[in-house]
Structures are given as structure tokens and as C-alpha cells.
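J.: Below is one structure. I have some questions about it.
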Amino acid sequence: HAKQAGNQHWRFFSGEMEATTQNRVRLLTELRSALNQGKGLELHYQPQVASDSHALVGCEALIRWVKASGEAISPDVFIPLAEYTGMIVDIGDWVLREACRQIVRWDALGVPGFRVGINISAAQFREPDFVAKTARIILESGVAPSRLELEITESVAMEDPVSVAHQLRELKALGLRVAVDDFGCGFSSLGSLNRLPFDRIKIDRAFVAELTPETREDCIATMIVKLAKSLGLDVIAEGVETDQQARLLDEMGCGEMQGFLYARPMRAGELEKWIACSAPASQ
Ligand code: C2E
Ligand code: MG
Ligand code: MG
Ligand code: MG
Numbered sequence: 468h469a470k471q472a473g474n475q476h477w478r479f480f481s482g483e484m485e486a487t488t489q490n491r492v493r494l495l496t497e498l499r500s501a502l503n504q505g506k507g508l509e510l511h512y513q514p515q516v517a518s519d520s521h522a523l524v525g526c527e528a529l530i531r532w533v534k535a536s537g538e539a540i541s542p543d544v545f546i547p548l549a550e551y552t553g554m555i556v557d558i559g560d561w562v563l564r565e566a567c568r569q570i571v572r573w574d575a576l577g578v579p580g581f582r583v584g585i586n587i588s589a590a591q592f593r594e595p596d597f598v599a600k601t602a603r604i605i606l607e608s609g610v611a612p613s614r615l616e617l618e619i620t621e622s623v624a625m626e627d628p629v630s631v632a633h634q635l636r637e638l639k640a641l642g643l644r645v646a647v648d649d650f651g652c653g654f655s656s657l658g659s660l661n662r663l664p665f666d667r668i669k670i671d672r673a674f675v676a677e678l679t680p681e682t683r684e685d686c687i688a689t690m691i692v693k694l695a696k697s698l699g700l701d702v703i704a705e706g707v708e709t710d711q712q713a714r715l716l717d718e719m720g721c722g723e724m725q726g727f728l729y730a731r732p733m734r735a736g737e738l739e740k741w742i743a744c745s746a747p748a749s750q
């Protein structure tokens with residue numbers, strides 16, 4: 468009887484997995500045609516603000532995919548799939564070109580020149596021609612490299628610190644800024660972070676979420692802010708949702724913030740309106 472139950476369980480599980488595999492294959496096919504046809508993919512932009520003045524200091528470009536059926540697929544679903552199959556390399560090229568095109572357009576409109584953060588996946592970063600191709604795309608776009616900040620997750624940075632350090636130095640020599648994303652999850656050693664020439668640390672939102680007046684003394688966010696200061700790096704908190712989190716982060720010296728408390732990721736046109744509304748009233 469026990470064996471039978473076990474088999475049933477296994478059959479059920481296996482059937483579910485097959486369905487999931489089919490869904491993944493279908494999703495990837497649809498993603499490929501969205502990319503090839505230039506339909507359904509969009510970049511949204513989430514403001515990053517100074518902790519004291521709430522002035523806009525930059526924004527992060529975040530990819531969005533809405534299928535022809537109208538169904539939105541989260542990047543947490545399709546980016547890992549695209550990473551697994553290598554399609555992320557083409558998606559990454561599209562993201563960089565699209566962000567550069569948008570910056571050129573904002574410049575033409577006279578929008579103040581804030582910095583734009585671009586997420587770079589592990590699979591992109593590992594491509595031997597990543598730096599050369601990135602340089603070419605930016606050069607072709609006419610965008611000043613200093614307008615862009617590449618975000619690389621902590622896990623990627625720690626995979627192979629020696630070659631990552633080399634690539635980061637090349638990217639910085641081009642004039643790009645580099646940030647370590649989702650920091651705090653990967654248990655980096657102090658020494659390895661010190662050897663990597665990052666400009667900024669992005670505190671993962673999990674550590675912002677656990678920040679309270681009771682935990683402030685010994686929580687990870689506090690330690691990361693101290694670490695950033697001791698290394699002379701800029702630091703930004705991700706996923707700031709409440710006034711209390713913002714106040715605690717400001718008090719501990721976290722200079723910049725990003726989160727739903729300030730603004731959600733939005734289309735370029737909405738961001739233009741947001742900037743116009745949030746700008747200090749003209750004298
Ligand atoms: P990430 O780079 O850590 O981006 C921050 C994520 O946190 C975004 O999710 C953003 O919408 C979300 N977020 C921002 N503020 C808050 C908040 O206050 N509360 C909560 N709960 N969430 C907040 P999103 O847009 O769904 O992106 C998820 C992940 O997908 C990103 O994490 C990044 O790893 C990846 N991703 C997004 N766009 C790209 C892209 O263009 N290229 C690559 N390679 N990966 C991307
Ligand atoms: Mg990011
Ligand atoms: Mg992040
Ligand atoms: Mg993330």
C-alpha cells in the first residue's frame with residue numbers, strides 16, 4: 468500500500484514537471500519572437516533618490532514583458548529562463564540599446580541628466596566579448612558612458628573575483644559606473660569586495676525589510692552601510708517601502724534609496740511627468 472501511494476505521488480509530481488517544461492519551452496519561443504519582432508518588451512524606470520532631499524539621483528532600468536494575449540510575465544520568471552538558454556545575451560543587448568536610445572531622447576527633451584542603472588546577468592558577464600560589445604553599443608548610441616551604471620549581482624562578482632576584477636577595471640576605464648546588486652545575500656568576504664573596484668553597493672531589499680528600531684543595532688543593513696563607508700563606496704538601499712525604514716537608513720548614513728515608498732518602476736513618459744511633479748517649485 469505504501470509503495471502504491473509512493474508511486475502515485477511520483478506520477479503526479481512527474482506529470483507536473485512535464486507540464487512545467489512544456490510551459491517553459493512555449494514561454495521561451497514567445498520571448499524569442501517578442502525580441503525578434505520588437506514587440507511586447509519594454510523598459511520601465513524606477514527612481515533612485517537622495518535620502519535627505521529626496522531629489523532624483525538616478526533610476527534603474529527594469530525589463531517588462533507583456534505577451535500579445537495581454538498577460539504580463541515577471542522578469543523573475545523569464546530572466547532565469549533566458550539565462551539558462553543563453554537568450555539573455557540578446558536580451559541584454561536589447562536592454563542596453565533601448566536604455567541608450569531613451570537617454571538620447573531624454574537629452575533631446577532637456578530632461579535633467581540622471582544616471583541609469585542596467586542589470587547585467589551572469590551569463591552576459593561571462594561572455595568573452597562582453598566588455599568590447601558593451602563599449603561598441605554605447606559608442607554607437609552617443610551616450611556618455613558616465614550616464615550608465617552596470618549592476619552585477621554579488622554572486623557573479625564572487626564566482627571568479629580575479630577575472631571579474633579585470634573586467635570591472637575595463638568597464639570603469641570606459642567611464643562606466645559599476646554597482647554590486649542584491650548585496651548581503653552572497654556572504655562575500657570583506658577582502659574580496661575590497662579587491663573589486665565597485666562604485667556602489669545596492670543593499671538587497673530582504674535586509675531593508677527586516678530593519679526596525681529593535682534590530683537597527685545589529686542587522687545586516689547596518690553592517691553593509693558601515694562596510695560601504697569603510698571601503699569608500701556609495702550605498703543605496705533597495706525595496707524601501709515605509710517611512711520608518713527610510714528614517715532608519717537615513718540615520719545610519721545610507722545616502723540613497725530606491726523603493727515603492729518613493730516610486731514604482733514606470734514607463735519613460737510617466738517618469739518625465741514624475742520628475743516634473745517632484746521637482747522643487749520654481750522660484
Ligand atoms: P533587481 O535588479 O534587484 O531589481 C529590483 C527589483 O525590486 C525590481 O523587480 C523592482 O521592481 C523591485 N522593487 C523595487 N522597489 C521595491 C519595493 O519597494 N518593494 C518590493 N517588493 N519590490 C521592489 P523586478 O522589476 O520584478 O525585477 C526583478 C529582477 O529581475 C531584478 O532584480 C533583476 O535581477 C531582474 N531584471 C529586471 N530587469 C532586468 C534586465 O533588464 N536585465 C537583467 N539581466 N535582469 C533584469
Ligand atoms: Mg538591479
Ligand atoms: Mg537588486
Ligand atoms: Mg534581484
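Numbering of the sequence shown is given in full-length UniProt numbering, commencing with residue 468 and proceeding in unit increments.
Every residue gets a Cβ at the ideal spot worked out from N, C-alpha and C, and that includes glycine.
Keeping to the same chain, check which residues put their C-beta closer than 8 angstroms to that of residue 561; ignore five residues upstream and five downstream.
T.: The answer, listed in chain order, is 502, 508.
J.: What's the gap between the Cα of residue 659 and the Cα of residue 608?
T.: Whole-angstrom Cα-Cα distance: 34 angstroms.
J.: For residue 620, does the three-state DSSP call read helix, strand or coil?
T.: The answer is strand: DSSP assigns residue 620 an E or B state.
J.: Using a Cβ-Cβ cutoff of less than 6 angstroms, which residues in the same chain neighbour residue 708 once the five nearest sequence positions on both sides are dropped?
T.: If we look at residue 708 and ignore the five residues flanking it on each side, its Cβ neighbours are 726, 727, 728.
J.: My guess is that residue 730 and residue 513 are in contact by the Cβ rule of under 8 angstroms, so how many angstroms apart are they, rounded?
T.: That belief holds up - the Cβ atoms of residue 730 and residue 513 are roughly 6 angstroms apart, short of 8 angstroms.
J.: Tell me, which residues are paired with residue 513 by DSSP?
T.: For residue 513, which the question treats as bridged, DSSP gives the partners 527.
J.: Going residue by residue through the segment 580-654, where are the continuous beta strand (DSSP E) segments of at least 3 residues, counting only ones entirely within it?
T.: Whole beta strand (DSSP E) segments, 3+ residues: 582-587, 615-620, 644-650.
J.: Just list the residues that DSSP pairs residue 687 with in beta bridges.
T.: For residue 687, which the question treats as bridged, DSSP gives no partner whatsoever.
J.: Measure from the alpha carbon of residue 698 to the alpha carbon of each residue in 669, 665, 670, then state which is nearest.
T.: When each option's Cα is compared against that of residue 698, the closest is 665.
J.: Beta-carbon distances below 5 angstroms to any heavy atom of ligand 2 define the shell here; list its residues in chain order, please.
T.: Residues flagged by the Cβ proximity filter: 586, 618, 648.
J.: Give the C-beta separation of residue 590 and residue 558 to the nearest angstrom, bearing in mind that I take them to be a contact with Cβ-Cβ under 8 angstroms.
T.: The pair is not a contact, with the Cβ atoms about 10 angstroms apart (cut-off 8 angstroms).
J.: Output the residue ranges of the alpha helix (DSSP H) runs that lie fully inside the segment 653-732 and measure 4 residues or longer, sorted by chain position.
T.: Those alpha helix (DSSP H) runs which fall completely within the segment 653-732 and span 4+ residues are 657-662, 672-676, 687-698, 710-718.
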